[in-house]
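A.B. asks:
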Amino acid sequence: MSNANKLLQWLQETSFREVTLSVDLLVTGYIFYFYGSSLFHASPEELASIQWISGIFLEIIIYSVVLMVVSYIALALITDDELSQPMDVREKQINLIGYKYSAIILNVGVILAIVQYSVEANDLGLSQLGFAHAPLHILVVSFLCAELAFYGVQLYKGRTGDIYE
267 MSNANKLLQW
277 LQETSFREVT
287 LSVDLLVTGY
297 IFYFYGSSLF
307 HASPEELASI
317 QWISGIFLEI
327 IIYSVVLMVV
337 SYIALALITD
347 DELSQPMDVR
357 EKQINLIGYK
367 YSAIILNVGV
377 ILAIVQYSVE
387 ANDLGLSQLG
397 FAHAPLHILV
407 VSFLCAELAF
417 YGVQLYKGRT
427 GDIYE
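Heads up, the sequence shown is in my numbering, so the first residue is 267 and it goes up one at a time.
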């Protein structure tokens with residue numbers, strides 16, 4: 267059996283929601299990797315430039331939209347018509363658990379960004395170390411981590427069946 271046939275068989279055996287969660291997790295992981303590697307390889311001048319940061323954000327948005335649309339179209343063509351079916355009680359509970367962890371991570375990130383902004387207003391913080399616009403980066407990283415947690419927790423809870431906390 268070829269790899270293409272194995273992939274097609276796996277797609278047919280796995281629920282559409284689980285496959286879309288897996289694809290969303292992979293796409294978000296790639297976006298997080300792209301953002302992190304862009305920051306890691308940037309010069310201090312680029313990190314200080316709001317035009318460069320805006321360009322990175324534009325690339326992230328374009329990659330996100332294109333990858334999500336292409337993946338959903340491909341999955342809709344391959345799988346059965348499961349998208350039109352409403353979520354059952356178990357799937358709704360798993361979705362709520364994912365939102366819970368995602369909201370916690372996002373709230374912590376927003377609080378850290380506000381604290382960092384306040385610290386930088388007093389001429390302290392990461393901007394003194396050559397990492398300009400740190401509150402913005404903290405917000406983006408917390409958003410991406412929240413999305414990864416949202417998809418990852420749903421996949422984990424869906425596989426283990428441990429949905430009541």
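Note that CB positions come from ideal geometry on N, CA and C, so glycine has one too.
If you draw a straight line from the alpha carbon of residue 280 to that of residue 419, how long is it in whole angstroms?
C.D. replies: Numbered from 1 along the sequence shown, position 14 holds the residue referred to as residue 280. Numbered from 1 along the sequence shown, position 153 holds the residue referred to as residue 419. Taking the straight line from one Cα to the other gives about 17 angstroms.
A.B. asks: Residue 363 and residue 423: beta carbons closer than 8 angstroms?
C.D. replies: Walking along the sequence shown from the start, residue 363 turns up at place 97. Walking along the sequence shown from the start, residue 423 turns up at place 157. Yes; because the gap between Cβ atoms is below 8 angstroms, this pair is in contact.
A.B. asks: Kindly indicate which residue of 290, 310, 406 has the alpha-carbon position closest to the one of residue 337.
C.D. replies: What you label residue 337 is simply residue 71 of the sequence shown in a count that begins at 1. Nearest C-alpha to residue 337: 290.
A.B. asks: Hey, out of 297, 368, 379, 335, whose CA is closest to residue 324's CA?
C.D. replies: Along the sequence shown, read from residue 1 onward, the residue named residue 324 stands at position 58. Per the Cα distances, 297.
A.B. asks: Does the structure place the region 366-382 close enough to the region 406-420 that three or more beta carbon pairs sit under 8 angstroms?
C.D. replies: yes
A.B. asks: Using 10 angstroms around the beta-carbon of residue 350, count the other beta-carbons present and answer buried if the total reaches 16, otherwise exposed.
C.D. replies: Numbered from 1 along the sequence shown, position 84 holds the residue referred to as residue 350. Residue 350 should be labelled exposed.
A.B. asks: Nearest CA to the CA of residue 276: which residue from 321, 327, 315, 341?
C.D. replies: Locating residue 276 in the sequence shown gives position 10, counting from the first residue. For the residues 321, 327, 315, 341, the minimum Cα distance to residue 276 belongs to 341.
A.B. asks: Near residue 383, which residues of its chain fall below 8 angstroms by C-beta distance, leaving aside the five closest residues on each side in sequence?
C.D. replies: Here residue 383 corresponds to residue number 117 of the sequence shown, with the count starting at 1. These residues qualify, in order along the chain: 401.
A.B. asks: Sort 326, 357, 322 by Cα distance to residue 295 and report the nearest one.
C.D. replies: Counted from its first residue, the sequence shown places residue 295 at position 29. When only C-alpha atoms are compared, the closest one is 326.
A.B. asks: Between the Cα of residue 360 and those of 268, 271, 287, 381, spot the shortest distance and give me the residue it belongs to.
C.D. replies: Counted from its first residue, the sequence shown places residue 360 at position 94. Distances from the CA of residue 360 to each of 268, 271, 287, 381 were compared; the closest alpha carbon is that of 287.
A.B. asks: Can you tell me whether residue 417 is buried or exposed? The criterion is at least 16 other CB atoms within 10 Å of its CB, across all chains shown.
C.D. replies: The sequence position of residue 417 within the sequence shown is 151, counting from 1. By the neighbour-count criterion, in which a residue is buried when 16 or more other Cβ atoms sit within 10 angstroms of its Cβ, residue 417 is buried.
A.B. asks: Hey, quick one: how far does the alpha helix (DSSP H) through residue 403 stretch, first residue to last?
C.D. replies: Translated into the one-based positions of the sequence shown, residue 403 becomes position 137. Element bounds for residue 403: 400-426.
A.B. asks: Contact defined as beta carbons within less than 8 angstroms: I believe residue 293 pairs with residue 320. What is the distance between those atoms, to the nearest angstrom?
C.D. replies: Translated into the one-based positions of the sequence shown, residue 293 becomes position 27. Translated into the one-based positions of the sequence shown, residue 320 becomes position 54. Not really, about 22 angstroms apart at Cβ, beyond 8 angstroms.
A.B. asks: Just checking my contact of residue 406 with residue 301 at CB under 8 angstroms: how many whole Å lie between their CB atoms?
C.D. replies: Here the question's residue 406 lines up with position 140 in the sequence shown. Here the question's residue 301 lines up with position 35 in the sequence shown. At roughly 7 angstroms, the Cβ-Cβ gap stays under 8 angstroms, so residue 406 and residue 301 are in contact.
A.B. asks: Below 8 angstroms on the Cβ atoms is my guess for residue 397 versus residue 375; work out the distance and round it to an integer in Å.
C.D. replies: The residue given as residue 397 occupies position 131 in the sequence shown. The residue given as residue 375 occupies position 109 in the sequence shown. 16 angstroms between Cβ atoms; not a contact.
A.B. asks: Assign residue 404 to one of two classes, buried (16 or more other C-beta atoms within 10 Å of its C-beta) or exposed (fewer than that).
C.D. replies: On the sequence shown, position 138 is the one that residue 404 refers to. Burial state of residue 404 is buried, judged by a 10 Å Cβ sphere holding 16 or more other Cβ atoms.
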